[in-house]
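Engineer: Heads up, the sequence shown is in the working numbering, so the first residue is 2 and it goes up one at a time. Yeah, the Cβ is synthetic: ideal placement off N, Cα and C, and Gly gets one too. What you are looking at is a predicted structure, and each value in this text was computed from that prediction instead of being measured. A single structure is presented below for examination.
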Amino acid sequence: MSLKRFGGDTDGGYLVPDDIAGISAIFSPGVGLVSSFEADLIDAIGTQCRVYMADASVEPPRDLPKTWHFSRSYLAAIDRSPYIRLETWVKGCAMEESSDLLLQMDIEGAEYLVLVDTPIEILQKFRIIVIEFHRLDLIFSSEIFELYSLVFSKLLSTHAVVHIHPNNNDGQLSMKGMQIPRTMEFTFLRKDRFVAVEGVQSYPHFLDRKNNPDKPDLVLPEIWT
């Protein structure tokens, strides 16, 4: 399955599978100041697709289309304002029955506890999941490794990795003969939509772009391919 790029040519752009037709809603926690990814997707899917954004660190965007919704909340593993659980958020948006959602999550390290907290049946509602994983250089800590292992095992029980892109803004750690980018963008596709093909032979993907154009690029280390 081919990949397409949505969003800008630097930070905020991601590669997703060419399997977006019929997605009914996009959930995007960690909005920041950029929403070109969501806008590009809506242009491709159609305006019938709804967009749900959540971020307590910024003011609500002005002049949102009627099908776009903003919550002044942080995604977390607890329901206590200004925090909200992913399960609560999805159900509160009347998405209990839909299995054609897309999740794009960039929440600065909170992703691990959010994913541990989220039931499998909620994760399965997302056909495509794009997550920026932070603090990957902490993987050499036994306690952190257990958390990370639990998170990835949970995701891989329902989804397959179709793309990884190191974020060059945060550099990488070299330890024990391995290079670990501190931050990487992962794209997952739900397994019922996944068709196994020959693996990518080289990185970066021709659609990849440097997150920070002013810093040296990072090539995905071979151990991650």
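Under three-state DSSP, which class holds residue 121?
Structural biologist: Helix, per DSSP.
Engineer: Would you check if there are 3 or more beta carbon pairs closer than 8 Å linking the stretch 46-58 to the stretch 21-31?
Structural biologist: Touching, yes, given that three or more Cβ pairs across the two stretches are closer than 8 Å.
Engineer: Give the secondary structure of residue 161 by DSSP, where H, G and I count as helix, E and B as strand, and everything else as coil.
Structural biologist: Three-state DSSP puts residue 161 in a strand.
Engineer: Taking the DSSP output, what are the residues bridged to residue 26?
Structural biologist: 51 and 102, per the DSSP bridge assignment.
Engineer: First and last residue of the alpha helix (DSSP H) that includes residue 89?
Structural biologist: Element bounds for residue 89: 87-93.
Engineer: Please report the straight-line C-alpha distance between residue 214 and residue 220, rounded to a whole angstrom.
Structural biologist: Using only the alpha carbons, I get a separation of about 14 Å.
Engineer: Could you tell me if residue 192 is buried or exposed, where buried requires 16 or more neighbouring beta carbons within 10 angstroms of its beta carbon?
Structural biologist: Classification for residue 192: exposed.
Engineer: CB-CB under 8 Å to residue 121, same chain, minus the five flanking residues each way: which ones, in chain order?
Structural biologist: 155, 158 and 159, listed in sequence order.
Engineer: Measure from the alpha carbon of residue 252 to the alpha carbon of each residue in 41, 84, 25 and 131, then state which is nearest.
Structural biologist: Here the chain covers residues 2 to 226 and nothing more, so residue 252 does not appear.
Engineer: Thinking C-alpha only, which one of 151, 117, 169 and 58 is nearest residue 218?
Structural biologist: Among 151, 117, 169 and 58, the Cα nearest to that of residue 218 is on 169.
Engineer: From which residue to which residue does the beta strand (DSSP E) around residue 187 run?
Structural biologist: Counting along the chain, the beta strand (DSSP E) containing residue 187 begins and ends at 185-191.
Engineer: Confirm, please, whether the CB-CB distance from residue 111 to residue 83 is below 9 Å.
Structural biologist: The answer is no: Cβ separation not under 9 Å.
Engineer: Which whole-angstrom value describes the C-beta separation of residue 38 and residue 8, a residue pair presumed to lie in contact below a C-beta threshold of 8 Å?
Structural biologist: Indeed, because the Cβ distance is near 3 Å, the residues count as touching under 8 Å.
Engineer: Is the Cβ-Cβ distance between residue 188 and residue 15 less than 9 Å?
Structural biologist: Taking 9 Å as the Cβ cut-off, residue 188 and residue 15 qualify as a contacting pair.
Engineer: Spatial neighbours of residue 87 within its chain, please: C-beta separation below 7 Å, excluding the five flanking residues on both sides.
Structural biologist: Only 76, 115, 119 and 123 meet the Cβ criterion.
Engineer: Rounded to a whole number of angstroms, what is the C-alpha to C-alpha distance between residue 54 and residue 72?
Structural biologist: Going from the Cα of residue 54 to the Cα of residue 72 covers about 6 Å.
Engineer: For residue 85 and residue 61, what's the separation of their Cα atoms in angstroms?
Structural biologist: Distance between the alpha carbons of residue 85 and residue 61: 17 Å.
Engineer: In whole angstroms, what separates the C-alpha of residue 230 from that of residue 140?
Structural biologist: In the structure displayed, the chain extends from 2 to 226; residue 230 sits before or after that span and is not available.
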